[in-house]
Amino acid sequence: MNCHGRTAEQGDVSNSSYGAELRRAMTWLGEKPDTIWLGQSCRDPGTAMYATLAEVPMDKRIELPVFENTQLGMSTGMALCGYVPISIYPRFNFLLEATSQLVSHLDKLPIFGNGYKPKVIIRTAIASRKPLDPQVQHYGSFTDPFRQMLKTVEVIELTGAHQVFDSYRKAYERDDGRSTLLVEHTARYA
Amino acid sequence: MTAADLIAFETEIADAFNAAQIRAPIHLDGGNEEWMLKVFEHVKPEDWLCGSWRMHYACLLKGVPPEELKAAIMAGQSISLCFPAHRIISSAIVAGTLPIAVGLGMAIKRRGGTETVWALCGDMTAETGTFHECHKYVANWGLPVRFIVADNRKSVCTDTRLVWNSNGTAKLRLNDLVYEYELPWPHSGAGRRVEF
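Taken in sequence, the protein lines are chains P and D.
The C-terminal residue of the first sequence carries number 194 in the numbering used here, and the numbering is unbroken.
The C-terminal residue of the second sequence carries number 197 in the numbering used here, and the numbering is unbroken.
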């Protein structure tokens, strides 16, 4: 329930901004008993994504060291135990460090796992180049290469506010044994 | 399950491989029967087992019926054996299941569970950055994960100590285990080497 007396699911997207829709999606996910957030800057501030978690309970956030590949493996492990982890990588360039766990494990377990189907929601973002240009190592955009590398994980690039809530709801509610990688644009957060 | 049972199973798999009945890589266990039997005295049915491409003994000792395990091996799955009913997950990637073990341990701890996650790996894996960060995280947060390092001083055909210019494997906690053994088989296959 937000400050307007409306649940996250009842929000009206027609006049909502991209950032507001992200907050609505995170708030809705935060109401689920099995969700858990992992990553850097999910409990401590420091990135643009942090603000989108404003209404996510603190006890659902695990602030992690910087170990991107281990983070994604941890997310897979927690998913095997019944959690639905939301694993946060504030920039696409950071997710590159987790490519092994993403491509060879989370993505392939539904194929070689003899029945294991971990469901993880991965959040990443293509960085804005304004008001500061983060330079070439921080504004990478790799949606298409990841689509080519992934066989079971669905990659969804969120280009408009209207996509945001439904895409996160789909990622959570899906029962097809697939995980979801959602690519955001921080330029649209404001 | 006795040491003789384990050796007999592996010999049967070796024979099948050398007769070209298995068209996929296998990594045979051997020389560590007593260590494995000792470790599995402490492994409960509800525990998780996270391992590598060399998991025949571990699967048998965790309770996978030999005929079920053999069927999976014959079907080409030896390199990444998974048995959800027995909570076994394996990977063909170096250190691949260690971060997954950490996540399992975190989930168990948050839920107040009593299961243990057993993370099995070899000596070269125990020298990787992934191993070190997983081990440090588990130790610092008191997660229910135990690391078992099987040290035959080799990674494929590479001498682990020589390439690291070191005298031993990673220092572990008291409740972890590093044991040394001699593998009587080649790294992969069963004597009739097939490069892949």
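The beta carbon of each residue, even a glycine, is placed where N, CA and C say it ideally should be.
Excluding the five sequence neighbours on either side, which residues of its own chain have a C-beta within less than 7 Å of the C-beta of residue i, listed in chain order?
| i | result |
| --- | --- |
| D:Leu144 | Val103, Gly106, Met107, Lys110 |
| P:Asn97 | Gln141, His142, Gly144 |
| D:Thr131 | Ala96, Leu99, Pro100 |
| P:Val168 | Tyr22, Glu25, Leu26, Ala29, Leu162 |
| P:Glu177 | none |
| D:Arg162 | Arg154, Asn168 |
What number of angstroms, rounded off, separates the C-alpha of residue i from the C-alpha of residue j?
| i | j | result |
| --- | --- | --- |
| P:Ala165 | P:Val187 | 13 Å |
| P:Glu67 | D:Met125 | 29 Å |
| P:Tyr87 | D:Asp16 | 43 Å |
| D:Gly113 | P:Gln75 | 21 Å |
| P:Met82 | P:Trp41 | 11 Å |
| D:Ala59 | P:Glu101 | 31 Å |
| D:Met2 | D:Lys71 | 15 Å |
| D:Phe41 | D:Cys135 | 22 Å |
| D:Glu128 | D:Arg55 | 18 Å |
| P:Ser20 | P:Ser132 | 20 Å |
| P:Cys7 | P:Val60 | For P:Cys7, the pLDDT reaches just 41, beneath the cut-off of 50, and the residue's location in the model is therefore unreliable, although a value from the coordinates is still provided. So the alpha carbons of these two residues sit roughly 14 Å apart. |
| P:Lys134 | P:Arg173 | 30 Å |
| P:Arg95 | D:Val44 | 40 Å |
| P:Arg65 | P:Thr80 | 16 Å |
| P:Met153 | D:Ser81 | 20 Å |
| P:Met5 | P:Thr31 | Confidence in P:Met5 is poor, its pLDDT being 45 and thus under 50, which makes the residue's placement unreliable; the coordinate value appears in the next sentence. Spanning the two alpha carbons is a distance of roughly 9 Å. |
| D:Glu68 | D:His57 | 12 Å |
| P:Arg182 | P:Phe146 | 20 Å |
| P:Thr128 | D:Met75 | 40 Å |
| P:Asp179 | D:Gly64 | 29 Å |
| P:Leu99 | D:Leu38 | 40 Å |
| D:Ser53 | D:Cys122 | 6 Å |
| D:Phe18 | D:Phe10 | 13 Å |
| D:Arg24 | D:Ala191 | 13 Å |
Looking at residue j and residue i, is the spacing between their C-beta atoms short of 7 Å?
| i | j | result |
| --- | --- | --- |
| P:Gly43 | P:Ile92 | yes |
| D:Ile90 | D:Thr98 | yes |
| D:Cys51 | D:Ile8 | no |
| D:Val179 | D:Val150 | yes |
| P:Pro114 | P:Thr156 | yes |
| D:Asp48 | D:Thr117 | yes |
| D:Ser79 | D:Ile27 | yes |
| P:Tyr120 | D:Pro85 | yes |
Give every residue of the same chain whose Cβ lies closer than 6 Å to the Cβ of residue i, excluding the five residues on either side of it in the sequence, and list them in chain order.
| i | result |
| --- | --- |
| P:Ala52 | Thr190, Tyr193 |
| D:Trp186 | Leu29, Gly31 |
| P:Ile125 | Ile90, Ala175, Thr184 |
| D:His188 | Val157 |
| P:Arg151 | Val159 |
| P:Asp170 | none |
| P:Gly9 | Confidence is the limiting factor: at P:Gly9 the pLDDT is only 48, short of 50, which leaves the residue's position unreliable and the question unanswerable from this model. |
So, does the CB of residue i fall closer than 7 Å to a CB anywhere in chain C?
| i | result |
| --- | --- |
| P:Cys46 | The chain inventory of the structure shown lacks chain C, comprising the protein chains P and D. |
Looking only at its chain, what residues have a beta carbon closer than 8 Å to the beta carbon of residue i, apart from the 5 residues adjacent to it on each side?
| i | result |
| --- | --- |
| D:Tyr182 | Gly32, Asn33, Trp36, Ala151, Asp152, Asn153 |
Any heavy atom of the ligand GTP closer than 6 Å to the Cβ of residue i?
| i | result |
| --- | --- |
| D:Gly192 | Among the ligands in the structure shown, none appear at all, so the ligand GTP cannot be discussed. |
message: Going residue by residue through the stretch 92-166 of chain D, where are the continuous alpha helix (DSSP H) segments of at least 4 residues, counting only ones entirely within it?
response: 99-111, 130-142, 161-165
message: Counting only Cβ-Cβ distances shorter than 9 Å, please list the residues of the stretch 48-82 of chain P near chain D, keeping chain order.
response: Result list: Ile66, Leu68, Pro69, Phe71, Asn73, Thr74, Gln75, Leu76, Gly77, Met78, Ser79, Thr80, Gly81, Met82.
task: Report the residue ranges of all beta strand (DSSP E) runs contained in full by the stretch 80-134 of chain P; include only those spanning at least 3 residues, in chain order.
output: The qualifying runs are 88-93, 125-130.
message: By the 7 Å beta-carbon criterion, what residues does the stretch 95-117 of chain P contribute toward chain D?
response: The stretch 95-117 of chain P vs chain D, Cβ under 7 Å: Ser104, Gln105, Ser108, His109, Phe116, Gly117.
query: For the stretch 130-170 of chain P, which segments carrying the alpha helix (DSSP H) assignment without a break, of at least 4 residues, lie completely within its bounds, in sequence order?
result: 147-153
message: For a minimum of 4 consecutive residues, which ranges assigned as the alpha helix (DSSP H) are wholly contained in the stretch 17-76 of chain D?
response: Taken in chain order, the complete alpha helix (DSSP H) segments of 4 or more residues contained in the stretch 17-76 of chain D are 34-41, 57-63, 67-75.
task: With 8 Å as the limit, tell me which residues of the stretch 125-152 of chain D have their beta carbon closer than that to any beta carbon of chain P; keep them in chain order.
output: Thr131, Glu134, Cys135, Tyr138
- prompt: Along the stretch 25-47 of chain P, what residues have a CB closer than 7 Å to any CB found in chain D?
  reply: none
Residues of the stretch 48-62 of chain D with Cβ closer than 7 Å to any Cβ of chain P, in chain order: none
Near-chain D residues of the stretch 118-145 of chain P (beta-carbon distance less than 8 Å), N- to C-terminal order: Taking 8 Å as the Cβ-Cβ cut-off against chain D, the residues of the stretch 118-145 of chain P that qualify are Asn118, Gly119, Tyr120.
query: What are the residues of the stretch 163-183 of chain P that lie near chain D, defined by any Cβ-Cβ distance shorter than 9 Å?
result: none
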